[in-house]
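Undergrad: Same order as they appear, the protein sequences are chains A and B. Residue numbering for the first sequence follows our numbering, starting at 10 and increasing by one per position. Residue numbering for the second sequence follows our numbering, starting at 3 and increasing by one per position. C-beta atoms are modelled at their ideal positions from N, C-alpha and C, and glycine is treated no differently. Note that this is a predicted model, so its numbers are computed, not measured.
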Amino acid sequence: MERFIQVLVDGIATGSIYAAMALALVLIFRSTGVVNFAQGEMAMFSTFVAWGLYEAGVPLVLAALTTIGLSFLAGMVIERVLIRHFEGGEVLTLVIVTLGLFILLNSLAGWIWGFGNRGFPSLFSEEAITLGGVQLSVESLGIVAVLLGVVGLLFLLFQRTKVGLAMRAAALNPGSSALVGVRVGHMLMLGWGLAAALGALAGVLVAPRLFLDVNLMGAVLIYAFAAAALGGFDSAIGAVVGGWVIGVSENLAGTYVDFIGADLKILVPLGIIFVVLLVRPSGLFGTREVARA
Amino acid sequence: MSPRKRALLIAGLAAVAVAIPFLFGPYRVGQFTLVLVYAVAVLGLNLLVGYSGQISLGHGAFFALGAYTAALLIEKASVPYLLTVPAAGALCFAAGFLFGVPALRLHGLYLALVTLGLAIALPQLIKRFDGLTEGTQGLTVEQPTAPGWLPIADDQFLYLLCLAVTALMFLFAWNMMRGQLGRAVKAVRDGEIAASTLGVNLAATKTLVFAVSAGYAGVGGALYVFAIGFVAPEAFTLTISFAFLAAIVVGGLATISGALFGALFIEFVPVYASDVNVALTGVIYGGVLIAFMWVLPEGAAGLPRRLRGLAARRREREEAETATERPLTQREGVA
């Protein structure tokens, strides 16, 4: 039983990281209708920057915060310079462009930092708290706390500020928003910036659990896709719940199903994506897509 | 292009293709053999992406499935190697069909997602079933050799064998895309609702073209085994799926001939790029995907048409300029 609870909590912690990535995907999908395949590689690149800052002697927390800020700016630049050119075009074109960005960032990171892997220090202490006979690591609890904090901030931003309102309006109906004076382009830039910052956060949180290398986010991206698909690609709450469900089921399957073990964990999100697509394509919380002739 | 010109061009291309193994050394011939191998898989992917507008990021997985099918049939079941080509194609066709049934009924984005997952998961799966696949060690496969009555070397025979299969696959694709399936596929791409009101079964058409496309990748995989004589999970990572995608974008979406350009690109670019830096190939692939989408969405195969278009526009502009040299009063009359 204790082991079960530990697995559960670890699952929620990993799931929180997936949730952060899924939130990033949802942010971009909601505002621009693009599934950003480069999201994971942008996060990986950010994590390398954080690592570089840390190696240069910057305290870890400061390095992480600086990186998140830089990623925010970089995300805005990517939207303005690259994505804007293709917006409103065909889905296929945008998929290919974000994939190009995926490959480009992956290789550039390899060029700059090499293809080897390295350890990444954790933001949290390595201690564990014992609660009723169950050992819970401070790291796991910290990750969950950070995610909840971020979700709270995003909620405030979107529901309680004028910028948030404008962002929602721009996503819902760009044409009408522009007519009432919302700078739609700026809102899209902001959406990409926020997504890139979230990705950087996810990268810094996940890197200590894996090793930092250019393929850091490959699997994480698939988990995040599964989380977003499960929750519904246009639902923020769905992304968080989806992330947790994916994290927990991945950990449970990896621990208790012998056939799956550590190697085949990646099949869990794939299976979940498949089932969701078959049973409920709009996801748990997503808006159902209705096509009219 | 007139039919006569086209026939001449194809005849010329065929002559060059047949002459290649007799003009170069074994190493180069091996490279050109791989170009043919890739061309089949790239053509398959182009049937899907270019003609039907669906996107697969996991064709490396079907390529791998075909390769392992051929390798296992040859090594473990001693099947004659020529039979493994249709076997690999048929198995991948079936796999693509099963895979496509759920994924294709939905938005194209989901197909991209699921296939990306497949490409990431497949190497792990190969390693997991190491009893059959020998895991990371890989499988060494005996390559086809030239029969005694043919006075050519093994590498030349291998090349010509791949050329024959590739030519057949190209012909088949060309015929298919001119026929009923091709028209249905293009109709679905250009307007799903319009196509369905004309009686095209959307799900069936998409699934079928996905299955055909996966079958092509499988045939490519089987040929890959002939050409390399070795399969290992490391050969079938995401990189190969991305390379195929880069190839169709460079060669040109929805062109049959573009697959050849694309295959040349992904065979020779890594060879030269890795001399500079191992990461350069990826930088080029990524950059090329973005740059082509930006300036030349039709790919290299569309370049002549694009140039003709530019020349025509320039002529128009010159004519327009001469027109403006007329006196002001006349111009007002025109406007």
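If we define contact as Cβ-Cβ less than 8 Å, is residue 279 (chain B) a contact residue for chain A?
TA: Position 277 of the second sequence, counted from the first residue, corresponds to residue 279 (chain B). Yes, residue 279 (chain B) counts as interfacial toward chain A.
Undergrad: Which residue wins for smallest C-alpha separation from residue 118 (chain A), given the options B:291, B:299, B:285?
TA: By 1-based counting over the first sequence, the position of residue 118 (chain A) is 109. Proximity to residue 118 (chain A) across B:291, B:299, B:285 peaks at B:285, based on C-alpha coordinates.
Undergrad: Counting contacts by CB-CB distance shorter than 8 Å, is residue 131 (chain B) in contact with chain A?
TA: The residue you call residue 131 (chain B) lines up with position 129 of the second sequence. False, the Cβ-Cβ gap to chain A never drops below 8 Å.
Undergrad: Does the region 214–225 of chain B touch the region 33–44 of chain B, meaning 3 or more C-beta pairs lie closer than 8 Å?
TA: yes
Undergrad: Ordered along the chain, which non-local residues of its own chain (more than five positions away) have a Cβ less than 8 Å from that of residue 147 (chain B)?
TA: If you number the second sequence from 1, residue 147 (chain B) lands on position 145. Around residue 147 (chain B): 156, 159.
Undergrad: Taking all protein chains shown into account, do 16 or more other C-beta atoms lie within 10 angstroms of the C-beta of residue 279 (chain B), making it buried, or fewer, making it exposed?
TA: Counted from its first residue, the second sequence places residue 279 (chain B) at position 277. Burial call: exposed.
Undergrad: Any heavy atom of the ligand FMN closer than 7 Å to the CB of residue 41 (chain A)?
TA: This structure lacks the ligand FMN; in fact it carries no ligand of any kind.
Undergrad: Look at the alpha carbon of residue 270 (chain B) and the alpha carbon of residue 188 (chain A), and state the distance between them as a whole number of angstroms.
TA: Sequence index remark: in the second sequence, residue 270 (chain B) carries index 268 (1-based). Sequence index remark: in the first sequence, residue 188 (chain A) carries index 179 (1-based). Straight-line Cα distance between these residues: approximately 51 Å.
Undergrad: Give a yes or no on contact between the region 251–263 of chain A and the region 234–242 of chain A, applying the rule of three or more CB pairs nearer than 8 Å.
TA: yes
Undergrad: Could you tell me the alpha carbon to alpha carbon distance between residue 174 (chain A) and residue 216 (chain A), rounded to whole angstroms?
TA: Position 165 of the first sequence holds residue 174 (chain A). Position 207 of the first sequence holds residue 216 (chain A). So the two alpha carbons sit approximately 34 Å from each other.
Undergrad: May I ask you to list, following chain order, the residues of the region 119–142 of chain A that have a beta carbon less than 8 Å from some beta carbon of chain B?
TA: 119, 120, 124
Undergrad: Quick one: Cα of residue 302 (chain A) to Cα of residue 258 (chain B), how far?
TA: Taking the first sequence and counting its residues from 1, the one referred to as residue 302 (chain A) is at position 293. Taking the second sequence and counting its residues from 1, the one referred to as residue 258 (chain B) is at position 256. Residue placement at residue 302 (chain A) cannot be trusted, given a pLDDT of 49 that sits under 50; what the coordinates show is reported in the next sentence. For residue 302 (chain A) and residue 258 (chain B), the distance between alpha carbons rounds to 32 Å.
Undergrad: Between the region 42–67 of chain B and chain A, which residues of the former have a C-beta closer than 8 Å to a C-beta of the latter?
TA: 51, 55, 57, 59
Undergrad: List the whole-angstrom C-beta distance separating residue 118 (chain B) from residue 59 (chain B), where the pair is believed to meet the contact cut-off of C-beta under 8 Å.
TA: Mapped onto the second sequence, residue 118 (chain B) falls at position 116. Mapped onto the second sequence, residue 59 (chain B) falls at position 57. Indeed they touch by this definition, with Cβ atoms about 4 Å apart.
Undergrad: Just checking, does the region 133–140 of chain B make contact with the region 120–136 of chain A on the three C-beta pairs under 8 Å criterion?
TA: no
Undergrad: Taking C-alpha atoms, which residue in A:280, A:37, A:47 lies nearest to residue 201 (chain A)?
TA: Reading the first sequence from its first residue, position 192 is the one you call residue 201 (chain A). Comparing Cα positions, the closest option is A:37.
Undergrad: Tell me the DSSP secondary structure of residue 146 (chain A) in three-state form.
TA: Reading the first sequence from its first residue, position 137 is the one you call residue 146 (chain A). Residue 146 (chain A): strand per DSSP, three-state reduction.
Undergrad: I'd like to know whether the C-beta of residue 57 (chain A) is nearer than 8 Å to at least one C-beta of chain B.
TA: Within the first sequence, the letter at position 48 stands for residue 57 (chain A). For residue 57 (chain A), the answer is no, since every Cβ of chain B falls outside 8 Å of its Cβ.
Undergrad: Have a look at residue 284 (chain A) and residue 281 (chain B) and give me their C-alpha separation to the nearest angstrom.
TA: Counted from its first residue, the first sequence places residue 284 (chain A) at position 275. Counted from its first residue, the second sequence places residue 281 (chain B) at position 279. Taking the straight line joining both Cα atoms gives about 37 Å.
Undergrad: Quick one: Cα of residue 217 (chain B) to Cα of residue 265 (chain A), how far?
TA: Walking along the second sequence from the start, residue 217 (chain B) turns up at place 215. Walking along the first sequence from the start, residue 265 (chain A) turns up at place 256. Between residue 217 (chain B) and residue 265 (chain A), the C-alpha separation is close to 36 Å.
Undergrad: Under DSSP, the beta strand (DSSP E) around residue 139 (chain A) begins and ends at which residues?
TA: Residue mapping note: residue 139 (chain A) aligns to position 130 of the first sequence, counting from 1. Start and end: 137–140.
Undergrad: Which value, in whole angstroms, describes the spacing of the CA atoms of residue 1 (chain B) and residue 58 (chain A)?
TA: The displayed coordinates of chain B run from 3 to 337. Any statement about residue 1 (chain B) would go beyond what the structure contains.
Undergrad: Enumerate, from N- to C-terminal direction, the unbroken beta strand (DSSP E) stretches of 3 or more residues contained entirely within the region 208–250 of chain A.
TA: none
Undergrad: Would you mind stating whether residue 274 (chain B) and residue 112 (chain A) have Cβ atoms separated by less than 8 Å?
TA: Locating residue 274 (chain B) in the second sequence gives position 272, where the first residue counts as 1. Locating residue 112 (chain A) in the first sequence gives position 103, where the first residue counts as 1. Result no, Cβ atoms of residue 274 (chain B) and residue 112 (chain A) do not sit closer than 8 Å.
Undergrad: Look at the alpha carbon of residue 103 (chain B) and the alpha carbon of residue 287 (chain A), and state the distance between them as a whole number of angstroms.
TA: In the second sequence, counting from the first residue as 1, residue 103 (chain B) sits at position 101. In the first sequence, counting from the first residue as 1, residue 287 (chain A) sits at position 278. Near 10 Å, if we compare the C-alpha coordinates of residue 287 (chain A) and residue 103 (chain B).
Undergrad: By the three-class DSSP mapping on this structure, what secondary structure does residue 286 (chain A) have?
TA: As a first step, residue 286 (chain A) is located in the first sequence; it is residue number 277 there, counting from the start. Residue 286 (chain A): helix per DSSP, three-state reduction.
Undergrad: Going by the CB atoms, is the gap between residue 237 (chain B) and residue 249 (chain B) shorter than 8 Å?
TA: Within the second sequence, the letter at position 247 stands for residue 249 (chain B). Within the second sequence, the letter at position 235 stands for residue 237 (chain B). For residue 249 (chain B) and residue 237 (chain B), no; Cβs fall outside 8 Å.
Undergrad: Would you report the Cα separation of residue 124 (chain B) and residue 239 (chain B), rounded to the nearest angstrom?
TA: Position 122 of the second sequence holds residue 124 (chain B). Position 237 of the second sequence holds residue 239 (chain B). Their Cα atoms are separated by approximately 8 Å.
Undergrad: Do we get a CB-CB distance below 8 Å when we pair residue 112 (chain B) with the residues of chain A?
TA: Numbered from its first residue, the second sequence carries residue 112 (chain B) at position 110. At least one chain A Cβ lies under 8 Å of residue 112 (chain B).
Undergrad: If you measure between the beta carbons of residue 208 (chain A) and residue 80 (chain A), is that distance less than 8 Å?
TA: Taking the first sequence and counting its residues from 1, the one referred to as residue 208 (chain A) is at position 199. Taking the first sequence and counting its residues from 1, the one referred to as residue 80 (chain A) is at position 71. Cβ atoms of residue 208 (chain A) and residue 80 (chain A): closer than 8 Å.
Undergrad: Please determine, among A:291, A:30, A:147, A:276, the residue with the shortest C-alpha to C-alpha distance to residue 15 (chain A).
TA: By one-based count along the first sequence, residue 15 (chain A) stands at place 6. The residue with the shortest Cα to Cα distance from residue 15 (chain A) is A:147.
Undergrad: Does residue 228 (chain A) come within less than 8 Å of chain B when only Cβ atoms are used?
TA: Here residue 228 (chain A) refers to the residue found at position 219 when the first sequence is read from its first residue. Yes, residue 228 (chain A) lies at the interface with chain B (some Cβ there is under 8 Å from its Cβ).
Undergrad: Are the CB atoms of residue 50 (chain B) and residue 290 (chain B) nearer to each other than 8 Å?
TA: Walking along the second sequence from the start, residue 50 (chain B) turns up at place 48. Walking along the second sequence from the start, residue 290 (chain B) turns up at place 288. Taking 8 Å as the Cβ cut-off, residue 50 (chain B) and residue 290 (chain B) do not qualify as a contacting pair.
Undergrad: Along the region 103–115 of chain A, where does the CB come closer than 8 Å to a CB of chain B? Name the residues.
TA: 104, 105, 106, 108, 109, 110, 111, 112, 113, 114, 115
Undergrad: Please tell me whether residue 295 (chain B) has its Cβ less than 8 Å away from any Cβ of chain A.
TA: Here the question's residue 295 (chain B) lines up with position 293 in the second sequence. So yes, residue 295 (chain B) belongs to the interface.
Undergrad: Which partner residues does residue 141 (chain B) have in the DSSP bridge list?
TA: Counted from its first residue, the second sequence places residue 141 (chain B) at position 139. DSSP lists B:233 as partners of residue 141 (chain B).
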